[in-house]
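In my numbering, the protein residues as written are 46 to 302. Report on the structure given below.
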Ligand SMILES: NC(=O)c1ccc[n+]([C@@H]2O[C@H](COP(=O)([O-])OP(=O)(O)OC[C@H]3O[C@@H](n4cnc5c(N)ncnc54)[C@H](O)[C@@H]3O)[C@@H](O)[C@H]2O)c1
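In structure tokens:
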């Protein structure tokens with residue numbers, strides 16, 4: 046028996062087997078959840094379709110393309126889930142994007158277009174995902190997003206993504222306040238540096254990854270399994286008293302001066 050038996054919901058953000066959201070998918074499925082996984086583009090679809098059957102109960106997984114910046118695609122996904130699931134209990138949001146040029150050098154050089162796109166994809170889409178899911182969360186639920194310490198501190202080259210994550214964390218609090226009365230909780234996991242496709246786009250990430258392993262109190266890098274297991278807890282009823290929270294899963298890195 047798992048802590049998520051009978052729960053069903055969506056995970057936006059499985060790119061490949063290294064994705065933080067894939068760690069979430071594995072932990073949630075192991076605990077009994079039924080999943081809908083989304084993808085962006087053909088390459089990602091191929092990877093997601095290959096990965097999904099490896100999950101416990103993977104044959105029950107719904108797989109559908111969904112770009113969270115497209116109102117039509119979000120509406121189409123909700124239509125599918127209304128038919129397939131009827132009700133949803135959770136949403137995991139792992140969507141983020143910034144131009145590679147804006148993830149190096151000086152933040153002061155960020156373009157207006159680059160700023161707008163990073164904030165739209167990396168912060169506003171959480172609100173899009175929450176609003177779309179709200180009518181299907183008829184028995185309450187749990188919404189979770191992924192953030193990083195660069196929201197609060199200056200991390201070299203993180204630049205516009207740090208500003209987007211600050212907006213994302215503030216959105217978590219406002220959404221938690223709005224949706225709390227109907228029993229929907231909204232939280233974030235602040236993950237330590239993890240070697241994923243997106244992370245590789247940040248200039249100097251490999252050194253940061255190595256240094257964080259050397260400095261973190263637990264002397265190791267964050268894994269997708271550590272994030273996934275915490276996600277399972279935050280989706281489950283075991284965390285029913287927690288909302289509007291940013292929980293660090295970074296082997297203690299954030300406590301250092
Ligand atoms: N890797 C790290 O070190 C780290 C640390 C803290 C937080 N995070 C955050 O974790 C989340 C997942 O990133 P990851 O590191 O696993 O990388 P990843 O590249 O594996 O995943 C990023 C995902 O975002 C999705 N995405 C991008 N634009 C989208 C859109 N418009 N609509 C829907 N989905 C979209 C991509 O399809 C991809 O699946 C991101 O929010 C990232 O900022 C990562």
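For every residue, glycine included, the Cβ atom is placed at its ideal position computed from N, Cα and C.
Q) Is the segment 216-228 touching the segment 243-262 in the sense that three or more CB pairs, one from each, lie closer than 8 Å? A) no
Q | Cβ contact check for the segment 159-179 and the segment 87-96: 3 or more pairs under 8 Å | A | The segment 159-179 is not in contact with the segment 87-96.
Q) Excluding the five sequence neighbours on either side, which residues of its own chain have a C-beta within less than 6 Å of the C-beta of residue 299, listed in chain order? A) As a first step, residue 299 is located in the chain shown; it is residue number 254 there, counting from the start. Closer than 6 Å at Cβ, skipping near neighbours: 194, 293.
Q: Please confirm whether residue 105 and residue 79 have their CB atoms less than 7 Å apart.
A: If you number the chain shown from 1, residue 105 lands on position 60. If you number the chain shown from 1, residue 79 lands on position 34. Yes, these two residues count as a Cβ contact at 7 Å.
Q.
Which same chain residues end up closer than 7 Å to residue 297 when comparing Cβ atoms and leaving out the 5 residues on each side of it in sequence?
A. Residue numbering aside, residue 297 sits at position 252 when the chain shown is read from its first letter. Around residue 297: 261, 262, 263.
Q. Who are the near neighbours of residue 101 in its chain, counting only those whose CB is closer than 7 Å to its CB and skipping five residues on each side?
A. The residue given as residue 101 occupies position 56 in the chain shown. Correct list, in chain order: 74, 75.
Q: With DSSP collapsed to three states, give me the class of residue 79.
A: Your numbering for residue 79 matches position 34 in the chain shown. In the structure shown, residue 79 sits in a strand (DSSP, three-state: E or B).
Q: Just grab the DSSP bridge partners of residue 191 for me.
A: The residue you call residue 191 lines up with position 146 of the chain shown. The partner list for residue 191 (beta bridge, DSSP) reads 234.
Q: Check whether the Cβ of residue 139 lies closer than 6 Å to any heavy atom of ligand 1, and answer yes or no.
A: Counted from its first residue, the chain shown places residue 139 at position 94. Within the cutoff, so yes.
Q | Sequence-distant residues of its chain with Cβ nearer than 6 Å to residue 163 (five each side left out) | A | By 1-based counting over the chain shown, the position of residue 163 is 118. Answer for residue 163: 143, 205, 209, listed in chain order.
Q) Hey, would you say residue 119 sits closer than 7 Å to residue 177, going by beta carbons? A) Counting from 1 along the chain shown, the entry for residue 119 is found at position 74. Counting from 1 along the chain shown, the entry for residue 177 is found at position 132. Taking 7 Å as the Cβ cut-off, residue 119 and residue 177 qualify as a contacting pair.
Q: Assign residue 53 to buried or exposed, taking buried as 16 or more other Cβ atoms, counted over all protein chains shown, within 10 Å of its Cβ.
A: Working through the chain shown from its first residue, we reach residue 53 at position 8. Sixteen is the threshold: when 16 or more other Cβ atoms of the shown chains lie within 10 Å of the Cβ of residue 53, as they do, the residue is buried.
Q) For residue 230, does the count of other Cβ atoms within 10 angstroms reach 16, so buried, or fall short, so exposed? A) Against the chain shown, residue 230 aligns to sequence position 185. Result: buried.
Q. Is it right to say residue 50 is buried, meaning 16 or more other beta carbons lie within 10 angstroms of its own, or is it exposed?
A. Working through the chain shown from its first residue, we reach residue 50 at position 5. Its Cβ having fewer than 16 others within 10 Å, residue 50 is exposed.
(Q) Which of the three DSSP states is assigned to residue 269 in this structure? (A) Within the chain shown, the letter at position 224 stands for residue 269. Helix.
**Q.** Classification of residue 161 by the beta-carbon crowding that lies within 10 angstroms, buried from 16 upward
**A.** Taking the chain shown and counting its residues from 1, one reaches residue 161 at position 116. Exposed is the call here.
Q) Does any heavy atom of ligand 1 sit closer than 6 Å to the C-beta of residue 64? A) Residue numbering aside, residue 64 sits at position 19 when the chain shown is read from its first letter. Yes; taking the cut-off as 6 Å, the Cβ of residue 64 has a heavy atom of ligand 1 nearer than that.
Q: Report whether the distance from the Cβ of residue 293 to the nearest heavy atom of ligand 1 is below 6 Å.
A: Here residue 293 corresponds to residue number 248 of the chain shown, with the count starting at 1. No, ligand 1 has no heavy atom inside 6 Å of this Cβ.
Q. Measuring from the CB of residue 174, is there a heavy atom of ligand 1 at a distance below 6 Å?
A. For the purposes of this step, residue 174 is identified with residue 129 of the chain shown, where counting begins at 1. With a threshold of 6 Å, the Cβ atom of residue 174 does not count as near ligand 1, since no heavy atom of the ligand is closer than that.
(Q) Any heavy atom of ligand 2 closer than 6 Å to the beta-carbon of residue 201? (A) Among the ligands modelled here, namely ligand 1, ligand 2 does not occur.
Q) Who are the Cβ neighbours of residue 111 in its own chain at under 7 Å, not counting the five residues just before and after it? A) Taking the first residue of the chain shown as position 1, residue 111 is located at position 66. Correct list, in chain order: 57, 83, 118, 119, 122.
Q. Whose C-beta lies closer than 7 Å to the C-beta of residue 212 among residues of the same chain, with five residues either side of it excluded?
A. By 1-based counting over the chain shown, the position of residue 212 is 167. Taken in chain order, the residues that qualify are 164, 168.
Q) Is residue 196 near residue 179, with beta carbons less than 7 Å apart? A) The residue you call residue 196 lines up with position 151 of the chain shown. The residue you call residue 179 lines up with position 134 of the chain shown. Contact: no.
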